[in-house]
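Novice:
There are 2 protein chains.
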Amino acid sequence: MTIDCHGHYTTAPKALEEYRKRQLADFGTPRWAPLKGAVAISDDQIRDSLESAQLRMQRERGTDLTIFSPRASAMGHHLGDANANRFWSEHCNELIHRVCSLYPRNFVGVCQLPQAPGVRPDNCIAELEHCVNELGFIGCNLNPDPSGGYWTDPPLTDRWWYPLYEKMVELDVPAMIHVSGSCNPNFHATGAHYINADTTAFMQLLGSDLFRDFPTLKLVIPHGGGAVPYHWGRYRGLAQDMGRPPLAELMRDNVYFDTCVYHRPGIELLLKVVPADNILFASEMVGAVRGIDPESGHHYDDTKRYIDAIDWLGAPEREKLFRRNVEKVYSRLARRG
Amino acid sequence: MTIDCHGHYTTAPKALEEYRKRQLADFGTPRWAPLKGAVAISDDQIRDSLESAQLRMQRERGTDLTIFSPRASAMGHHLGDANANRFWSEHCNELIHRVCSLYPRNFVGVCQLPQAPGVRPDNCIAELEHCVNELGFIGCNLNPDPSGGYWTDPPLTDRWWYPLYEKMVELDVPAMIHVSGSCNPNFHATGAHYINADTTAFMQLLGSDLFRDFPTLKLVIPHGGGAVPYHWGRYRGLAQDMGRPPLAELMRDNVYFDTCVYHRPGIELLLKVVPADNILFASEMVGAVRGIDPESGHHYDDTKRYIDAIDWLGAPEREKLFRRNVEKVYSRLARRG
């Protein structure tokens, strides 16, 4: 059994995107009425959007189950306010729920949160509870920078976020720390903002006692942990200079990296330096990079292939990263029917 | 001959820091008078500050020459205005000049620029010319985010920066793209802001035709290129999806990474994926990480040791990264007496 912990519904039927476009065209104008409205998508449209993409790739690549969430770059928390983003999140999450109901063996849901810049994360609790308790979701994506590239909200270690963490702990769900699009011209979304956010989040956690307050809080840092494994010596040294515990201890039951690293030398480095208990298999598919690597003849994001090719990786470690670690972090997986 | 292209005067005598403290205490108050003032430091104080640190490390580690610039984290472009930062830069650069005059075989200068958030980079040209033409400096450090973590100035590929690039090309000096401290609580300076800036700069360059306008402009991205080598497959794939040239071609005569990566697996990855013509030896010493790695018994930032230990690295590649590439990029090195 191979579980991919990081898949996005980037291939959703056009009607979803059109809803958001209409909503944002009205938002902030006299036409704006804070109403949820409807998104008309048929089951067949959902099937079509997945059969030729995520489902085909699951079959071809040999993954069984994808932990599936709305398109991260489209969350766009900086584009609306708490109301607009709530309606948008609800539609996105409802669509993920329909995907998981149509293909319960292939997908399990992780929700988008109705964050907005400067708005307390408490406003996300109702949607998180609804998604977990009523729609069977097993986690959430938490945007550490709802401003979309200006980083104007407090760090993840600030008490600002505590009410949401309390609810996550109560519900026993992890968060993947995942930014959305960037409205800052300095940051390319998938090429800079995503990776920077991963690195930033790790360094915030390294410097704080957040997990003393929340010993069972689990956070997944995607995209292979940003720059962290490549600069593992730098972070080990910084932790030491700052009088912090060793990285393995800091991460142990709380911080996990996924394997969304799109070449074999990068994956090898990740597996070499980061504890095997803290790595979750993932491919981000269909994600930031869609092409085929002319050097290998395979998709850049076919990360399972890189891992399968590493001959020094033992069977117990493979079992951990492809399945057991994911089951440990997304512990509500076990409650599925 | 081994040249370290990235050293900072982090051990400067206290009087320098005290000058800046006094200056910033006055800045913005009715006491503020835009005057340069003086920094009293004796030659013996300079000698003392180096003998026990950078000079000792050069001897111990077997590097001959360090390309030396003011402490990056203290540039603090976000703390003053163009005037205050000009006086501060002048003092910092003059001190580097004194270091290089006292130890001409050990150090060669790279200057700090008097940038300020929202101020056109044209205001840096006079100081750059002075440092290069009169003080014998061979490059500059360019801060891509003078706001100190809010990224409110235009990307490096914007015409905003062109007058400075024109002068750099005319003077035949490269810039190391190096942020300073962070006033954004989200970003730890050396653990997040530095690495994020490196990744950000690379992605800006990947998406632009800057080097069509400036075919001889040379930019050094420090700290091993941020997250880029670890995510080399991601960047190759993004370039391909965006219809951009292959990375090796994008970088060829214009973009270079240093070797400030503080563990062997990271250095190996860098040397494995990035073209040997685009890597410059560096240690950032005395820099972000000062401790001794208990696993190796050596300083984390003793990067030469990691490179020396890599048995698959050929002599021609070693010669390139320890010397020839540095001489190529910092071409005014050859004009030294």
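Residue numbers (numbering that gives the first Met the number 0), protein chains in the order written: chain A, 0 to 336; chain B, 0 to 336. Glycine included, each C-beta is placed from N, C-alpha and C at the ideal position.
Looking only at its chain, what residues have a beta carbon closer than 7 Å to the beta carbon of cysteine 123/A, apart from the 5 residues adjacent to it on each side?
Specialist: Cβ within range, chain order: Leu112, Pro113, Gln114 and Leu163.
Novice: Quick check on the burial criterion: 16 or more other C-beta atoms within 10 angstroms. Buried or exposed for histidine 352/B?
Specialist: Any question about residue 352/B goes unanswered here, given that chain B covers just 0 to 336.
Novice: Name the two residues that bound the continuous alpha helix (DSSP H) containing leucine 78/B.
Specialist: Here leucine 78/B belongs to no alpha helix (DSSP H), and DSSP marks it neither H nor E.
Novice: Taking Cβ-Cβ distances below 7 Å as the criterion, which residues of the region 246–280 of chain A are in contact with chain C?
Specialist: In the structure shown, chain C cannot be found, because the protein chains are A and B.
Novice: Thinking C-alpha only, which one of Glu93/B, Gly61/B, Leu78/B and His230/B is nearest serine 146/B?
Specialist: Residue Leu78/B is the option with its Cα nearest to serine 146/B.
Novice: Suppose you measure from the CA of serine 41/A to the CA of leucine 249/A; what does that come to, to the nearest Å?
Specialist: Answer to the nearest angstrom: the Cα atoms are 46 Å apart.
Novice: Use the C-beta contact count for asparagine 132/B: other C-beta atoms within 10 angstroms, 16 or more gives buried, fewer gives exposed.
Specialist: Exposed: under 16 other Cβ atoms inside 10 Å.
Novice: So with Cβ pairs under 8 Å, would you call phenylalanine 186/A a contact of chain B?
Specialist: Judged by the 8 Å Cβ criterion, phenylalanine 186/A is in contact with chain B.
Novice: Cβ closer than 8 Å: which chain A residues qualify as neighbours of proline 154/B?
Specialist: Simply Pro184 and Asn185.
Novice: Quick check on valine 178/A - is its C-beta less than 8 Å from some C-beta in chain B?
Specialist: Closer than 8 Å: no.
Novice: Taking only runs of the alpha helix (DSSP H) that begin and end inside the region 268–335 of chain A, which ones reach a length of at least 4 residues, in chain order?
Specialist: Fully enclosed alpha helix (DSSP H) runs of 4 or longer: 302–307, 314–318 and 324–328.
Novice: Proline 214/B: which of Asp197/B, Glu165/B and Thr189/B sits nearest, CA to CA?
Specialist: Among Asp197/B, Glu165/B and Thr189/B, the Cα nearest to that of proline 214/B is on Glu165/B.
Novice: Does the region 39–54 of chain B come into contact with the region 79–89 of chain B, if we say contact requires no fewer than three beta-carbon pairs (one atom in each stretch) closer than 8 Å?
Specialist: Cβ pair count under 8 Å is below three, so no.
Novice: In the DSSP assignment, the beta strand (DSSP E) including asparagine 140/B goes from what residue to what residue?
Specialist: Where asparagine 140/B is concerned, the enclosing beta strand (DSSP E) stretches over 139–141.
Novice: Given that proline 228/B touches chain A, what residues does it touch there, using C-beta distances under 7 Å?
Specialist: Ordered by position in chain A, the residues that pass the 7 Å Cβ test against proline 228/B are Tyr229.
Novice: Could you check whether the Cβ of valine 288/B sits closer than 8 Å to any Cβ belonging to chain A?
Specialist: By this cut-off, valine 288/B is an interface position.
Novice: Between leucine 204/B and chain A, is any beta-carbon pair separated by less than 8 Å?
Specialist: Taking Cβ atoms only, chain A never reaches closer than 8 Å to leucine 204/B, which makes this a no.
Novice: Along the alpha helix (DSSP H) that carries glycine 236/B, what are the first and last residues, could you check?
Specialist: Counting along the chain, the alpha helix (DSSP H) containing glycine 236/B begins and ends at 231–240.
Novice: Pull up the distance between the alpha-carbon of alanine 191/B and that of threonine 199/A, whole angstroms please.
Specialist: Whole-angstrom Cα-Cα distance: 5 Å.
Novice: In the DSSP output, which residue or residues are listed as bridge partners for glutamine 111/A?
Specialist: Paired residues: Asn140/A.
Novice: Once you ignore the five residues that flank asparagine 277/B on each side, which residues in its own chain have a CB closer than 6 Å to its CB?
Specialist: Answer for asparagine 277/B: Met250 and Tyr255, listed in chain order.
Novice: Just how far apart, CA to CA, sit valine 280/B and glutamate 267/B?
Specialist: Looking at the sequence itself, residue 280/B is phenylalanine, so the reference to valine does not match. Each residue's Cα considered, the two are about 13 Å apart.
Novice: Using CA coordinates, which residue listed in Cys139/B, Gly135/B, Val172/B and Gly206/B is at the minimum distance from aspartate 157/B?
Specialist: The residue with the shortest Cα to Cα distance from aspartate 157/B is Gly206/B.
Novice: Closest to valine 328/B by C-alpha separation, out of Pro69/B, Cys139/B and Glu294/B, would be which residue?
Specialist: That would be Cys139/B, whose Cα lies nearest to the Cα of valine 328/B.
Novice: Contact between the region 45–53 of chain A and the region 6–13 of chain A is defined here as three or more beta-carbon pairs at a separation below 8 Å; is this criterion met?
Specialist: Judged by Cβ distances under 8 Å, the region 45–53 of chain A makes contact with the region 6–13 of chain A, as three or more pairs qualify.
Novice: When we look at the beta-carbon of arginine 19/B and count the other beta-carbons within 10 Å, is it buried (16 or more) or exposed?
Specialist: By the neighbour-count rule (16 or more Cβ atoms within 10 Å), arginine 19/B is buried.
Novice: Thinking C-beta only, is aspartate 171/B closer than 8 Å to serine 330/B?
Specialist: Yes.
Novice: Since glutamine 53/B meets chain A, which of its residues come closer than 9 Å, beta carbon to beta carbon?
Specialist: In chain order: nothing, as chain A lies at least about 18 Å away.
Novice: Report back the beta-carbon spacing between glycine 117/B and leucine 134/B to the nearest angstrom; my notes put them in contact at under 8 Å.
Specialist: About 28 Å; that fails the 8 Å criterion.
Novice: Do you know offhand how far proline 120/B's Cα is from leucine 218/B's?
Specialist: Distance between the alpha carbons of proline 120/B and leucine 218/B: 16 Å.
Novice: Give the C-beta separation of aspartate 63/A and isoleucine 2/A to the nearest angstrom, bearing in mind that I take them to be a contact with Cβ-Cβ under 8 Å.
Specialist: Their Cβ separation, rounded to whole angstroms, is 7 Å, which keeps aspartate 63/A and isoleucine 2/A in contact under 8 Å.
Novice: Which of the three DSSP states is assigned to cysteine 259/A in this structure?
Specialist: Note: cysteine 259/A maps to coil in three-state DSSP.
Novice: Helix, strand or coil for cysteine 4/B per DSSP?
Specialist: It is a strand residue.
Novice: Using a Cβ-Cβ distance cut-off of 8 Å, determine whether isoleucine 45/B contacts chain A.
Specialist: No, isoleucine 45/B does not count as interfacial toward chain A.
Novice: As an exercise, report each continuous beta strand (DSSP E) stretch of at least 3 residues that is fully enclosed by the region 1–88 of chain B, in chain order.
Specialist: Listed in chain order, they are 2–8 and 64–69.
Novice: Name the two residues that bound the continuous alpha helix (DSSP H) containing valine 168/A.
Specialist: Looking at the DSSP string, the run of the alpha helix (DSSP H) that includes valine 168/A is 161–170.
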